[in-house]
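Asks: Before we start, here is the structure in question, set down as structure tokens.
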Amino acid sequence: MKPSHKPLKVLVINGPNLNMLGKREPELYGSDTLEDISKRLVAFAKDMAITLECFQSNYEGALVEKIQEAMGHVDGLVINPAAYTHTSVAIRDALLLHKIPVIEVHLSNIYKREEFRHHSMVSGVATGQIAGLGVQGYYLALTAIRNMN
Ligand code: DQA
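Residue numbers (the numbering used here): 56 to 204.
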């Protein structure tokens with residue numbers, strides 16, 4: 056940690072079926088479990104003076120509530136809305152509550168896949184998007200949030 060780093064709080068949100076990472080289409084999403092990924096991210100974040108909370112849900116309403124509850128409590132949000140990326144006006148609207156950096160992450164390159172994955176409801180309200188870089192995308196998102204604060 057650099058002495059100049061002010062402590063930050065960041066929330067990482069993962070959407071439906073990402074709790075199945077490791078078992079789910081490993082050729083596409085890799086063999087690491089979400090638990091392993093989250094543990095490594097927490098340690099990585101700590102080194103940059105970021106306190107990280109990782110949250111996953113398969114339910115749209117739970118994701119919306121988590122985004123709402125984070126208002127005023129975090130300095131940045133990293134979100135992989137998974138399948139809700141392509142459908143959820145509710146998640147998009149909840150993200151609009153925030154005036155902090157919001158980074159949308161996808162493990163796979165959604166633009167190389169089926170056409171229905173090419174549109175993100177979230178990208179129009181996110182600060183930026185990282186897609187196709189696997190787990191590395193989460194690390195890059197945290198680094199970006201660190202650099203933006
Ligand atoms: C995903 C891409 C989505 O299209 C898909 O529904 C997911 C994962 C990704 O990380 O590549 O569940 O968000």
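In this text, a Cβ means the ideal position worked out from N, Cα and C, and glycines have one as well.
Source: prediction; values computed, not measured.
Considering only their Cβ atoms, is the gap separating MET176 from SER143 smaller than 8 Å?
Replies: On the sequence shown, residue 143 is found 88 positions in, with the first residue counted as 1. On the sequence shown, residue 176 is found 121 positions in, with the first residue counted as 1. Going by C-beta atoms, SER143 is nearer than 8 Å to MET176.
Asks: Would you mind listing the alpha helix (DSSP H) stretches within the region 69 to 139 that are 4+ residues and don't spill past its ends, in chain order?
Replies: 81 to 84, 89 to 102, 115 to 124
Asks: In chain order, what residues of the same chain lie with their CB nearer than 6 Å to the CB of SER93, ignoring the 5 residues before and after it?
Replies: Counting from 1 along the sequence shown, the entry for residue 93 is found at position 38. For SER93, where only same-chain residues beyond five positions count, the Cβ hits under 6 Å are CYS109.
Asks: Any contact of the region 148 to 157 with the region 85 to 101, i.e. 3+ C-beta pairs under 8 Å?
Replies: Touching, no, given that fewer than three Cβ pairs across the two stretches are closer than 8 Å.
Asks: Below 8 Å between beta carbons: does that hold for ALA137 and PRO71?
Replies: The count along the sequence shown starts at 1 and reaches residue 137 at position 82. The count along the sequence shown starts at 1 and reaches residue 71 at position 16. The Cβ-Cβ distance between ALA137 and PRO71 falls below 8 Å.
Asks: Under 7 Å Cβ to Cβ from GLN111, same chain only, skipping five residues before and after it: list those, please.
Replies: In the sequence shown, the residue the question calls residue 111 occupies position 56. Hits under 7 Å: ASN69, LEU73, ASN74, LEU89.
Asks: Within 10 Å of its beta-carbon, does ALA98 have 16 or more other beta-carbons around it, so buried, or fewer, so exposed?
Replies: Against the sequence shown, residue 98 aligns to sequence position 43. With fewer than 16 other Cβ atoms within 10 Å, it is exposed.
Asks: Is the CB-CB distance between ILE200 and GLY131 below 8 Å?
Replies: Indexing the sequence shown from 1 puts residue 200 at position 145. Indexing the sequence shown from 1 puts residue 131 at position 76. In contact: ILE200 and GLY131 (Cβ atoms closer than 8 Å).
Asks: Under the criterion of a Cβ to heavy atom distance below 7 Å, does THR88 qualify as lining the ligand DQA?
Replies: Stepping through the sequence shown from its first residue, residue 88 is reached at position 33. It does not: the Cβ of THR88 is nowhere closer than 7 Å to a heavy atom of the ligand DQA.
Asks: Reducing DSSP to helix, strand and coil, say where ILE165 ends up.
Replies: Position 110 of the sequence shown, counting from 1, holds the residue named residue 165. Correct three-state label for ILE165: helix.
Asks: Nearest to SER163 by CA position, among HIS60, LEU66, ARG79, is which residue?
Replies: By 1-based counting over the sequence shown, the position of residue 163 is 108. Nearest of HIS60, LEU66, ARG79 to SER163, Cα basis: ARG79.
Asks: Would VAL65 and LEU195 be called neighbours here (beta carbons separated by less than 8 Å)?
Replies: As a working note, residue 65 is residue 10 in the sequence shown. As a working note, residue 195 is residue 140 in the sequence shown. No, these two residues do not count as a Cβ contact at 8 Å.
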